[in-house]
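Novice: Structure below; questions to follow.
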Amino acid sequence: MDAYERITRNAAEVVTEEEVETLADDPDGKRAYVGYEPSGVLHIGHLLTANKLIDLQQCGFEVVVLLADVHASLNDKGTFEEIRDTAEQMKEQFLAYGLEEANTEFVLGSSYQLDEDYELDLHSLQVGTTLKRAQRAMAELQGDDTAKVSHVVYPLMQALDIEYLDVDLAVGGMDQRKVHMLAREELPELGYDAPTCLHTPIVGDLETGEGKMSSSTGTTISMEDSTAELEEKVNAAFCPPTADPEGDLVNPVLEIFRYHVFPRFDEVVVERPDEYGGDLVYGSYDALEADLESGELHPADAKSALAASLDELIAPGRERLRELRG
RNA sequence: CCGCCCUUAGCUCAGACUGGUAGAGCAGCCGACUGUAGAUCGGCUUGCCCCCCGUUCAAAUCGGGGAGGGCGGACCA
């Protein structure tokens, strides 16, 4: 797999392809970033972008993980002390998950976002951006909370972060695309470059196959799930024997195989009772999908394999969390 | 600052006029059926009725105060 392929695999979109091709021509030392609001426990959504960061590292990129304490504060997520504490836990979990420590720079937002230059640039952005535009950028992230002034400052800071972290590629979920598009339009107004962006898909809800999986409502997979909890959650997942269910639904079990399992494992073994034909081995997502579609692989067997794979992926982080919490 | 409207289950809302400590749909949970889940049946759960004070034997309901949210306050009509 060449650099361009690895950079763009499993991406929902890149903006623009030409710009990414240029990065892929000489990826060594290029910088990519994702920003996260500090959270005590990583969930599967975090891991989806982390997988992309791992891809990028394998291509030679330096990765910057922004632990966005100021953003969390703007989102009313607690005191700075609490937020920084969870930021530290988040960093440890990312490392346990598989980000290369030597090639990952963890940056606390407050380490530069309170500087004068940053503040003045932020005000310039505020002058140049309409309320409607900022609110639209934030709509995907904010939910239906009452709009606060902090909510419109938030995406402007995200835009500015891309410049101040000196990154060549901004990575985020599709929920971040409006923020990134805002950055592409507004940063040049301040004399900065428009950032190149890469967006990961948003995985469908585990239980219903609808929309995006939510971390606050419904079921999500997280770094602290026990083996038994993983089995329970995966077993409860929506999983018709097809990759393309009726309507707008998706098959979340397949999606997780595609976006979480196969990128991290060369081979997936599906343990299957002899009565149903014995074990199966898959070297690619496509092969697994084809077997589910044909009926060769039963959803229940796919699920137990998925739970086992997730357990393996999460185990180091789960262990690290246990150590951190004493 | 002024005016009007809203606040009841996780969600959307009924109930308020004619006081008697609350309902529906959806969601959720459990079971049946499928070698998964869903669908489909069957069953079940859920509430500081925004807060405080007052009237009353009795307040979600009436009165007063407060909080939060929405909308409006040139001209024209």
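Numbering (our numbering), first residue to last: 7 to 332.
Glycine included, each C-beta is placed from N, C-alpha and C at the ideal position.
As the structure is a prediction and not an experimental result, all values here were calculated from the model.
#1: Going residue by residue through the stretch 126-201, where are the continuous beta strand (DSSP E) segments of at least 3 residues, counting only ones entirely within it?
#2: If you follow the alpha helix (DSSP H) that Val259 is in, where does it begin and where does it stop?
#3: Whether or not the stretch 203-216 and the stretch 40-54 are in contact is what I'm after, with contact meaning three or more pairs of Cβ atoms, one per stretch, closer than 8 Å; do they touch?
#4: Between Glu235 and Gln99, what straight-line distance do the alpha-carbon atoms span, to the nearest angstrom?
#5: Just curious, the alpha helix (DSSP H) that Met240 is in, first and last residue?
#6: Which of helix, strand or coil does DSSP assign to Thr110?
#7: Of the choices Leu162, Val71, Ser79 and Tyr118, whose alpha-carbon is the least far from that of Leu101?
#8: Ser221 to Ala314, Cα distance in whole Å?
#9: Indicate the three-state DSSP secondary structure (helix, strand or coil) for Glu325 in the structure shown.
#10: Glu68 and Gly35 - do their beta-carbons sit closer together than 8 Å?
#11: Identify whether Ala18 lies in helix, strand or coil by the three-state DSSP scheme.
#12: Alpha carbon to alpha carbon, how far is Asp174 from Arg142?
#13: CB Gly46 to CB Ala74, shorter than 8 Å?
#14: Roughly how many angstroms separate the alpha carbons of Val20 and Pro201, rounded to a whole number?
#15: Alpha carbon to alpha carbon, how far is His304 from Pro247?
#16: Quick one: what does DSSP say His204 is sitting in, helix, strand or coil?
#17: Give the list of continuous beta strand (DSSP E) stretches no shorter than 3 residues that lie fully inside the stretch 261-305.
#18: Spatial neighbours of Val158 within its chain, please: C-beta separation below 7 Å, excluding the five flanking residues on both sides.
#19: Kindly indicate which three-state DSSP category Gly84 falls into: helix, strand or coil?
#20: Quick one: what's got a C-beta closer than 7 Å to Glu213's C-beta in the same chain, skipping five residues either side?
#21: My output table needs one value for Ala76: the three-state DSSP class, helix, strand or coil.
#22: State whether the stretch 318-327 contacts the stretch 102-112, with contact taken as three or more CB pairs (one from each stretch) at a distance under 8 Å.
#23: Of the residues Thr110, Glu111, Met163 and Ser117, which one's Cα is nearest the Cα of Leu126?
#24: Would you give the residue range spanned by the alpha helix (DSSP H) that Val26 belongs to?
#25: Measure the C-alpha to C-alpha separation of Glu27 and Cys65 and round it to an integer number of angstroms.
#26: Starting from Ala249, trace the alpha helix (DSSP H) both ways and give me its first and last residue.
#27: To the nearest angstrom, how far is it from the Cα of Ala165 to the Cα of Ala108?
#28: So, helix, strand or coil for Gly41, using DSSP?
#29: On a Cα-Cα basis, can you pick out the residue from Pro44, Leu193, Asn81 and Ala56 that is closest to Asn16?
#30: Quick check: what's the CA-CA separation for Asp250 versus Asp167?
#31: Excluding the five sequence neighbours on either side, which residues of its own chain have a C-beta within less than 8 Å of the C-beta of Glu111, listed in chain order?
#32: Quick check on Glu216: does DSSP put it in helix, strand or coil?
#33: Determine the DSSP secondary structure at Glu230, reduced to helix, strand or coil.
Specialist: On the basis of the coordinates in this document:
#1: 175-179
#2: Pro258 to Ile262
#3: yes
#4: 19 Å
#5: It should be noted that the sequence gives Val, not Met, for residue 240. It spans Thr233 to Asn241 - the alpha helix (DSSP H) in which Val240 sits, taken as one unbroken run.
#6: It is a strand residue.
#7: Val71
#8: Any reading at Ser221 must be qualified, since the residue scores a pLDDT of 43, below 50, and its modelled position is unreliable; the value itself is stated next. Distance between the alpha carbons of Ser221 and Ala314 is about 21 Å.
#9: helix
#10: yes
#11: coil
#12: 25 Å
#13: no
#14: 11 Å
#15: Distance between His304 and Pro247, taken at the CA atoms: about 7 Å.
#16: Sequence inspection shows Leu at residue 204; the His mentioned does not correspond to that position. Three-state result, Leu204: strand.
#17: 274-276 and 286-288, all fully within the stretch 261-305.
#18: Leu137, Ala140, Gln141 and Met144
#19: coil
#20: Gly224, Thr225, Ala242, Ala243 and Phe244
#21: Reading the sequence as shown, one finds Val at residue 76 and not Ala. Looking at Val76 - three-state DSSP - the assignment turns out to be helix.
#22: In this structure the stretch 318-327 touches the stretch 102-112; the number of beta carbon pairs closer than 8 Å is three or more.
#23: Met163
#24: That run of the alpha helix (DSSP H) goes Glu23 to Asp31.
#25: Rounded to the nearest whole angstrom, the C-alpha separation of Glu27 and Cys65 is 13 Å.
#26: Taken as a continuous stretch (DSSP letters only), Ala249 belongs to no alpha helix (DSSP H), as it is neither H nor E.
#27: 26 Å
#28: Assigned with DSSP and collapsed to three states, Gly41 falls in strand.
#29: Ala56
#30: 38 Å
#31: Glu68, Val69, Val70 and Val71
#32: coil
#33: coil
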